[in-house]
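Okay, so here's the structure we're looking at.
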Amino acid sequence: MIASKSISLLQVRDLKVAYGGIQALKGINLDVAPGELVALIGSNGAGKTTTLKALAGLLQPSAGKIHYHGISLQHRAAHKLIQEGLVLVPEGRGVFARLTVEENLQMGAYCRNDKSAIEQDMKRIYKLFPRLAERRMQLAGTLSGGEQQMMALGRALMSGPKLLMLDEPSMGLAPMMVVKIFETIRNISAQGVSILLVEQNAKLALEVAQRGYVLESGLITLSDSATNLLGSAAVRRAYLGG
Amino acid sequence: MRNVLKHLTSKSRRSAWLAFVVLAIALLALPFFTDALLGHGWVRIMDFALLYIMLALGLNIVVGYAGLLDLGYIAFFAVGAYCYALLGSPQLGLHLPFWIVLPLGALLACLFGVLLGAPTLRLRGDYLAIVTLGFGEIIRIFLNNLNAPINITNGPQGISMIDPIRIGEFSFSSTHELFGVTFPSVHLHYYLFLFFTLLVIFISLRLEDSRIGRAWMAIREDEVAAEAMGINTRNIKLLAFAMGATFGGLAGGLFAGFQGFVSPESFSLTESITVLCMVVIGGMGNVSGVLLGGILLIALPEALRHGSGPAQQILFGKTIFDPESLRMLLFGLALVTVMLWRPVGLWPSNQRRRELAVENNATQL
Chain A
1 MIASKSISLL QVRDLKVAYG GIQALKGINL DVAPGELVAL IGSNGAGKTT TLKALAGLLQ
61 PSAGKIHYHG ISLQHRAAHK LIQEGLVLVP EGRGVFARLT VEENLQMGAY CRNDKSAIEQ
121 DMKRIYKLFP RLAERRMQLA GTLSGGEQQM MALGRALMSG PKLLMLDEPS MGLAPMMVVK
181 IFETIRNISA QGVSILLVEQ NAKLALEVAQ RGYVLESGLI TLSDSATNLL GSAAVRRAYL
241 GG
Chain B
243 MRNVLKHLTS KSRRSAWLAF VVLAIALLAL PFFTDALLGH GWVRIMDFAL LYIMLALGLN
303 IVVGYAGLLD LGYIAFFAVG AYCYALLGSP QLGLHLPFWI VLPLGALLAC LFGVLLGAPT
363 LRLRGDYLAI VTLGFGEIIR IFLNNLNAPI NITNGPQGIS MIDPIRIGEF SFSSTHELFG
423 VTFPSVHLHY YLFLFFTLLV IFISLRLEDS RIGRAWMAIR EDEVAAEAMG INTRNIKLLA
483 FAMGATFGGL AGGLFAGFQG FVSPESFSLT ESITVLCMVV IGGMGNVSGV LLGGILLIAL
543 PEALRHGSGP AQQILFGKTI FDPESLRMLL FGLALVTVML WRPVGLWPSN QRRRELAVEN
603 NATQL
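Pasting the structure below:
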């Protein structure tokens, strides 16, 4: 199910980003349809995080178009995008270490002012992550890596996302935890939230995703359905260990 | 059950009121006690302590809440003080009233806060510290050199004969008799400074528990994540600089009116560091801690000045070390000891305390 232009939630065309003289993204095209879970895989330094940062407004692209809900995101400040439901969970989770779990989750709802709905969402997230409910008064910095990732996901959900962008959610986690996190991602996706998932762990990412893109040194070299990519010889050789 | 609860809350409310009244009377009576018990110089020291506490509370917003290390904070104190000095002295021949000059000084300092904040938005930690340090020095050097070609600040000689603080016909620089009690000028300034300090405390506490306060703390913890939460990090950081600077300018104006004289040497790097020490030693991000830090850092050197001579007499029968040079040595030693024993400050904020408690639990397990 390749997203057609008309129903696309996120539409990226010829996106270029440069750090000084170094071209990190050399013009990529990417689409996410409503409700879709799309994986963006690639090795270290391919430009995955750069892509997400550019989409989240944290980096200024040198060229290209980003359309979200059919609206151009050019020159849109990062803090405004969250109000449109475009939410990034940054690499390394970015928890507020010296705030409690509960305060962290509340920060997720910083841009909302519908008090009763926020409380409802809080309950929903504690139900989704019972572990967080147990530790709600604990400082986020004292949580384990997996718990911090759960909290980062929960915090992102608190903002009421339409498109969730996850940057390396499996990074630095124990294998057991990774399985759990990916279960949750599938869960969130099942609730109708569109997800753009950036991962080094290509196998896991393609197993939960519907479609995938392969990014290599700033260019998209492959794009296909997740099952096809999993079966593709090139992907197997390069990312899945033969 | 509900009645019991009601009874309890009304009782605790009553005791809170009682504590408040006792504290208020104690604060009001304090200058008379210190005057009688410790000597005449101490009320003046208390006046300065209040000014420093205002500064420390202002810096606490920048350093403690928003986590932006500022080593040039005294510049805002200088801006407030010189604003008062220039507009209320024979220097420019202007004698604007106190209630115009003081807010103007605070406003000007606020403007300088934004001026410092705007170009440093992308800097953090050490880099920010260096820029702010430079900013503090630039202000001081400007004040030092703006006596030529046109004499504005009167250079290193400073500005003297500054108008005393006067509200209507009531001048704070002379002794007043009210209700049969004699209030010397230092006592009057104490009450005025106490009022402003309480105001600053109130604003600080309200800010801490507000949307803005939470945004500052989020930025302190992780700026990228804060931006991803939809916080306008640029404006919120500028606001921290502006709020901190405003308090600094306020304290500066009061300082100029109290002292009657300002010169650039009052605004050296050492002063910035002293104020930073108050915040760090008391407990960053916690108003009570900062108050404690401010009181200690003013009281301790003075106590050592007056106490180390007699103490030597008792111990050795004679004065071996000059008390004046000994006191800074002991003071430094005290600071090092506090930082080794209590790296988070004497009275850390709730968050820091919880963090420590969790760590202790972890080590017990």
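Quick mapping for you: the protein sequence lines, in order, are chains A and B. Using my numbering, you'd call the opening residue of the first sequence number 1 and step up by one each time. Using my numbering, you'd call the opening residue of the second sequence number 243 and step up by one each time. We put the CB at the ideal spot given by N, CA and C, even for glycine.
- Boundaries of the beta strand (DSSP E) around A:V198: 194 to 199.
- Residues are counted here when their Cβ sits less than 8 Å from a Cβ of chain A; for the segment 469 to 480 of chain B these are E469, A470, M471, G472, I473, N474, T475, given in chain order.
- For A:V38, the enclosing beta strand (DSSP E) starts and ends at 37 to 41.
- In the same chain as A:M177, and ignoring 5 residues on each side of it, the C-beta atoms closer than 6 Å to its own belong to G146, in chain order.
- Chain A places no beta carbon closer than 8 Å to that of B:D451, leaving this residue out of the contacts.
- In the three-state DSSP reduction, B:H418 falls in the strand class (E or B).
- Following the DSSP letters along the chain, one finds A:N104 inside the alpha helix (DSSP H) bounded by residues 101 to 108.
- Annotation: B:L292 to B:R456 spans about 27 Å, alpha carbon to alpha carbon.
- Within 10 angstroms of the beta-carbon of B:M403 lie fewer than 16 other beta-carbons, which makes it exposed.
- Under the DSSP definition of a beta bridge, A:A63 partners with A:K16.
- Residue contact check for B:V466 against chain A: a CB pair falls below 8 Å.
- Sorting A:Q191, A:V198, A:G57, A:H69 by C-alpha distance to the C-alpha of A:H79 places A:G57 at the top.
- Taken through DSSP and simplified to helix, strand or coil, A:Q23 comes out as strand.
- When CB distances to chain A are screened at a threshold of 9 Å, the residues of the segment 424 to 457 of chain B falling below it are R453, R456, A457, in chain order.
- Neighbours of B:E463 in chain A, taken as residues at a C-beta separation under 8 Å, are given in chain order as V95, F96, A97, R98, L99.
- When Cβ pairs closer than 8 Å are counted between the two stretches, the segment 570 to 587 of chain B is seen not to touch the segment 317 to 327 of chain B, the count staying below three.
- For chain B, the residues of the segment 105 to 131 of chain A that bring a beta carbon within less than 7 Å of one of its beta carbons are M107, G108, Y110, C111, in chain order.
- B:V529 places its beta carbon less than 8 Å from that of B:L447.
- Distance from the CA of A:Q23 to the CA of A:G47, rounded to the nearest whole angstrom, comes to 10 Å.
- Straight-line measurement puts the Cα of B:H429 at about 17 Å from the Cα of B:A541.
- When C-beta atoms of the segment 501 to 517 of chain B are compared with those of the segment 266 to 274 of chain B, fewer than three pairs fall below 8 Å, so the two segments do not count as touching.
- Contacts between A:P90 and chain B, judged by CB atoms closer than 7 Å, involve V466, A467, A470 in chain order.
- For A:S223, the secondary structure class from DSSP, reduced to helix, strand or coil, is strand.
- Less than 8 Å separates the beta-carbon of A:A152 from that of A:R93.
- Per the C-alpha coordinates, the member of A:K123, A:R135, A:E36 positioned closest to A:V101 is A:R135.
- One Cα belongs to B:A545, the other to B:M570, and the distance between them is close to 11 Å.
- The alpha helix (DSSP H) runs of length 4 or more contained entirely in the segment 118 to 169 of chain A are, from start to end of the chain, 130 to 134, 145 to 158.
- Nearest neighbour of B:M459 by Cα position, chosen from A:E183, A:V179, A:M107, turns out to be A:M107.
- The beta carbon of B:A390 is closer than 8 Å to those of G397 in its chain, skipping five residues each way along the sequence.
- Comparing C-alpha distances from A:Y126 to each of A:L206, A:V208, A:L105, A:V235 shows the shortest one belongs to A:L105.
- With fewer than 16 other Cβ atoms inside 10 Å of its own Cβ, B:L279 counts as exposed.
- Within 7 Å of the CB of A:L15, no CB atom of chain B is found; the nearest one sits about 19 Å away.
- For B:T579, the enclosing alpha helix (DSSP H) begins and ends at 565 to 583.
- Against chain A, the beta carbon of B:A460 has neighbours under 7 Å at F96, M107, listed in chain order.
- Taking a Cβ-Cβ threshold of 7 Å, the residues of chain B close to A:A56 are A470, in chain order.
- In this structure, B:F438 and B:M296 form a Cβ contact; the two beta carbons are roughly 6 Å apart against a cut-off of 8 Å.
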